[in-house]
Structures are given as C-alpha cells and as structure tokens.
C-alpha cells in the first residue's frame, strides 16, 4: 500500500495498481465527465447557434442535478471532471454528490509561462488566485484535489525566445543571463561556439541570439525550460499548500504533448501527473510510449484529464471542422473507438482515471473560439447517446499487460503506406533502449519490403534559427540498422521535406508535435534480423534508441 496524501482523498496503490481512495475507504478508478453543467441559461440562447440548455428540459436546477447524477451513476461514472458547475452540485446534490476535481488556473492568471515568472507581482497573483478559490473549496468533503492549470504549453524554443526578448532590467531576463553564464562556466567563448549574437558578453544577451548549426545550444534551451518549470511547480505547490495543506495536487494537464524533462521536473511537487490525451488514431488506439514514459520518468500515477471522440453522424449538427480532435463517421464507430481507448487505459496499472470531454455537444456552429465538435454524452436537445453510455457502463479496469516483444514481425496490412492506424502495433512494436522513450518504433513486412513505422514527439521549433530555417544538421534524424546496414532520414520543419539515405523510400509522413513516419527498405534475405535504431531530435538535445532481435513472418 502506498498513500500520497493526508487529506480526505488519497492515491492508493493496491497489488501494483494505482487507485483513488475516498471517505468510503473503497478504492476507485476515476471515471469522470468534464464540463458537467446546465449549459446555456435563459436569455443566453442564440437561435442562430443552438446549444444545450438544461433550463429548457427541467423545471429547476434541483431537478437537473437529480437527473444528471442519477444517469451518470447508472452509466459507470463516479466523478465530476474539470470546469463543471460544482457550485450547483454543492447546492442541490445532497448526499448523492459525486467526488469532483477543480482546475485552479493559477499560472494562467498572469499568463504563465509567457509572462515574466520571476517578478514579485507574479508570485502575488498566484497566491491571490489560490486563496480566492481554495478557501471556498477546501472544506468540501467531495473535493478530490486540484489541477494547478490546463495546457500551459511549455514550448521549449518559444519560451527561450520570450525571455531573450525581455528588457535587460526585467527579473526574468536577469535570471536568463545569470543562468546562461553559469551553464557555460562563465566563458563567453564557450557560449559563442553554440550561438551567434550581436553582443560580446552575457550581459548583452538579447533576441539577436541564434543557434549555430551543429552546435549544442539546444542543451541550454532545454536546461532553461527545466529551470522555468521548476520555478512554476514550486510556486504553484507553495500557494496551494498555504491554503490547503493536504488535498491532492494533480499537475497541470499537459496539452496532448509533453517534454520528458518538464514532466520529470514536476515530480517533486505533485501527487500525480495529469494530461489531456485524445487517441493517437481515430479507431481509439494509442501509442505505447506516451503514457508509459510519463509514468516511468515520474514514478507517479497518471490521470487523463480530457479524452474525446466525435462522429460526423450526430444530432446536434456539429461539423467537427475546427481541427485537433479525432473524428469518425458514425456513432457506432465512435462507440467502438472509445471502447478500444478505454481498454488500453484499463490495462495500464499506473493510470488512475480518465475524464471524458465533455457532458454535452458543443453548439451547432461552435463555441466562442469556433470549436464545434460532437463531444457530448448528450446532444444539444438533451438526449443521451445511448450506445456511448453503454460503453462507459460496461468498462472494467483490466489486468495489467505490457508488450513482450516476442512475436514475429507481422505481415504488412493492406494500404500499409497510408498511415499507422491499420498496423498490428502490438506485434510490430520494437523494444526501446534505456533513455526515456518519446516515440514508438514499429516493424512489419511484405514479400519485398521491410516497413518501418515511427510515432514520436519529435517537434522542433524554427524560431531560434537564422531566418527561422532549421539547418540540415539540426533536423530530427532517425537511423535504422538492419543486420548492420544503415538507413536514415532527416525530417522536421523546412517546408515539410525529408532527406533520405540511399535505398530508403518514404511511405508516409505527418509532421507536428506528435508526428508519424513510414519508411520502406528492401526485405532482408534472412528471416532472423537484428535491429538497432536511434532518433535524435530537438537539435540533438533529446535522443532515444531501440534494439531488438526478431523473426520475420514468412513472405506472402
């Protein structure tokens, strides 16, 4: 047994599996719903953009709360997720209330991390935000814990650019100058091997600083990012603990992408790591690395704070066109994808819960920012998607399971070059090396070719390079050795072009913060193959490896 809180709710490890434990003392896996509320209220309706409004469906708020809680409980939900109307549940929920989670937005009150986080004013703003919110919540026995923020976006290069551009007397700029000097041992000559800049001293450091091709300047950028995040997590924890000494601190809800060093920095300040995480493919399948690495590098339980699946067939008229979320054709496809997604979470003993985003469909023509998705358990007319409810009702946490890497390399699927969705990613997965994995490598084969798949977080920003163009030497480099023969590709940025070694052909490439790559090489003569591979990315500041010995399935 392992408990990480002295409050009313604890994180509890039982037979290797992480669970929450509340006042009932019964451990539970948190199945929650975000944005659980009455929606638009009387007078807010826009007839040109219809939306969900509980007031049209129920005689009063009390009736809405009673009905909503009863339906959620009957369909497998035991928690209320972020941005829900907790005040409404406090007033009308009575003894039937569900445990809930609160998003505090502590950093966002002063636009962290994009405004100077080293000013006295920043610390005061965080403290006031914590005080104003926590004092109203801390005595509520149904409160599980706090998310400090949501999707702050710890973008590595962009943060460095932001602090470079600050005035020379700003506290953040002074910190950056001090940090940079210390990083290079006080030697500006060492700094100049990695950077070009107009000034000739650390004190003159400004936005003219650019990375030199082939240098190690990105290691400074990565270290500064870790320093910033440590400052944030420390301030956040101190502020929460001043006003609530014992509730769970559950992280800052990463934006479906994370830097391993950022998550590692959070470890000493949080009780759990949180991330928003939609399925990697719209059939509900996930990569292996995204969640397993998050747990391995933090040794913390992981909670999924948003997950989604939308269908073009829906009763709210949602077009699902604003981008960024998985979309399928029919409600049956949606149900199957969510079932697959939850099954994957359930076999991971370190995942402690998942919160569906969201309770109701978004307005027909989109909310204020244009987002227009069939996200809901319920449509804008108040009717539940019954097939989706059954998926949640039937969900049970499964037995822990991890890849064995013992299967033969599988036969390539039809349309192997289209994307990785149709691949047998369990059998095709290649064993990683000792470094934190920020990507999965897959192998499959047909009678003529060995196909290599890569799904990774290998995003490199162009903003720190001259003319905002990543030089060839600093682009992501993926190398694969098959029985000693080397093949490599460079990718990322630069008008989405790839540079390939002789004998290697590009099948598919989707660039972005979570990228996907399919490569084709000639099938080896021997069925027994030795694989060594490496991915160097983020200007060589991050690297991971794979190594395996496998058997090819018979040629077909």
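Residue numbers (our numbering): 4 to 559. Each residue gets a CB set at the ideal place from its N, CA and C atoms; glycine is no exception. Quick caveat: nothing in here was measured; it's all calculated off a predicted structure.
In this structure, how does DSSP classify residue 560 when only helix, strand and coil are distinguished? Only positions 4 to 559 of the chain appear in this structure, which leaves residue 560 out of reach.
Leaving out five residues on either side along the sequence, give the residues of the same chain with a beta carbon under 8 Å from the beta carbon of residue 105. The answer, listed in chain order, is 85, 89, 136, 140, 146, 148, 149, 150.
Identify every residue that forms a DSSP beta bridge with residue 358. Answer by DSSP bridge pairing, in chain order: 35.
Can you give the Cα-Cα distance for residue 15 and residue 208, rounded to whole angstroms? Cα-Cα distance, rounded: 48 Å.
Can you tell me which of 55, 445, 37, 263 puts its alpha carbon nearest to the alpha carbon of residue 45? If we check each option's Cα against that of residue 45, 55 comes out closest.
Name the DSSP bridge partner or partners of residue 447? Within the DSSP bridge table, the entry for residue 447 names 454 as partners.
Which residue's Cα is closest to the Cα of residue 439: 364, 524, 549? The option with the nearest alpha carbon to residue 439 is 549.
Can you give me the C-alpha to C-alpha distance between residue 429 and residue 352, rounded to a whole angstrom? Separation of residue 429 and residue 352 (C-alpha to C-alpha, rounded to the nearest whole angstrom) is 18 Å.
Could you tell me the boundaries of the beta strand (DSSP E) in which residue 95 lies? Membership of residue 95 in any beta strand (DSSP E) is not indicated; the residue belongs instead to the alpha helix (DSSP H) covering 89 to 95.
Residue 548 - DSSP class collapsed to helix/strand/coil: Three-state DSSP puts residue 548 in a strand.
Could you say which of 200, 206, 456, 378 lies nearest to residue 189 if we only look at CA atoms? Ranking 200, 206, 456, 378 by Cα distance to residue 189 puts 206 first.
Answer with buried or exposed for residue 43, where buried requires no fewer than 16 other C-beta atoms within 10 angstroms of its C-beta. If you draw a 10 Å sphere on the C-beta of residue 43, you find 16 or more other C-beta atoms in it, and that means buried.
Hey, residue 238 and residue 159: beta-carbon distance below 7 Å or not? No, these two residues do not count as a Cβ contact at 7 Å.
Given that a residue counts as buried once 16 or more other Cβ atoms are within 10 Å of its Cβ, and exposed if not, what is residue 291? Per the 10 Å Cβ criterion, buried.
Which of helix, strand or coil does DSSP assign to residue 157? Of the three classes helix, strand and coil, the one that applies to residue 157 here is coil, per DSSP.
C-alpha distance - residue 487 paired with residue 536, whole-angstrom precision: In this structure, the CA atom of residue 487 is about 11 Å from the CA atom of residue 536.
What does the alpha-carbon distance come out to for the pair residue 6 and residue 308? In this prediction, residue 6 has a pLDDT of 49, which is less than 50 and means its spatial position is unreliable; what the coordinates show is noted afterwards. If you take the alpha carbons of residue 6 and residue 308, they lie about 21 Å apart.
Output needed for residue 4: all residues of its chain with C-beta closer than 7 Å, excluding positions within five of it in sequence on either side, in chain order. Confidence at residue 4 is low in this model, with a pLDDT of 39, below 50, so the placement of that residue is unreliable and no value is reported for it.
Check whether the Cβ atoms of residue 481 and residue 507 sit closer than 7 Å, and answer yes or no. No, the pair does not count as a contact, with Cβ atoms beyond the cut-off.
C-alpha gap between residue 71 and residue 398, whole angstroms: Computed Cα separation, rounded: 19 Å.
Can you give the Cα-Cα distance for residue 552 and residue 287, rounded to whole angstroms? If I take the Cα positions, the gap works out to 29 Å.
Quick test of the definition: if touching needs 3 or more C-beta pairs under 8 Å, does the segment 350 to 370 touch the segment 297 to 312? Judged by Cβ distances under 8 Å, the segment 350 to 370 makes contact with the segment 297 to 312, as three or more pairs qualify.
I'd like to confirm the pairing. Which residues does DSSP put opposite residue 279 in its beta bridges? Note: residue 279 sits in a beta bridge opposite 258, 309.
Would you kindly work out how many angstroms separate the C-alpha atoms of residue 138 and residue 246, rounded to a whole number? If you take the alpha carbons of residue 138 and residue 246, they lie about 7 Å apart.
Are residue 133 and residue 242 close, meaning C-beta to C-beta below 7 Å? The Cβ-Cβ distance between residue 133 and residue 242 falls below 7 Å.
Using three-state DSSP, classify residue 4 as helix, strand or coil. Below a pLDDT of 50, predicted positions are generally treated as unreliable, and residue 4, at 39, falls in that range; the measurement from the model is reported next regardless. Collapsing the DSSP output to three states places residue 4 in coil.
Rounded C-alpha distance that separates residue 375 from residue 75: Cα to Cα, residue 375 sits roughly 24 Å from residue 75.
How far does the beta strand (DSSP E) with residue 482 in it extend, from its first residue to its last? Counting along the chain, the beta strand (DSSP E) containing residue 482 begins and ends at 479 to 485.
For the pair the segment 511 to 524 and the segment 408 to 425, tell me if three or more CB-CB distances fall below 8 Å. Touching, yes.
Helix, strand or coil for residue 488? Go by DSSP, reduced to three states. The answer is strand: DSSP assigns residue 488 an E or B state.
Would you mind sorting residue 266 into buried or exposed? The rule is 16 or more other CB atoms within 10 Å of its CB. Buried, since its Cβ has 16 or more Cβ neighbours within 10 Å.
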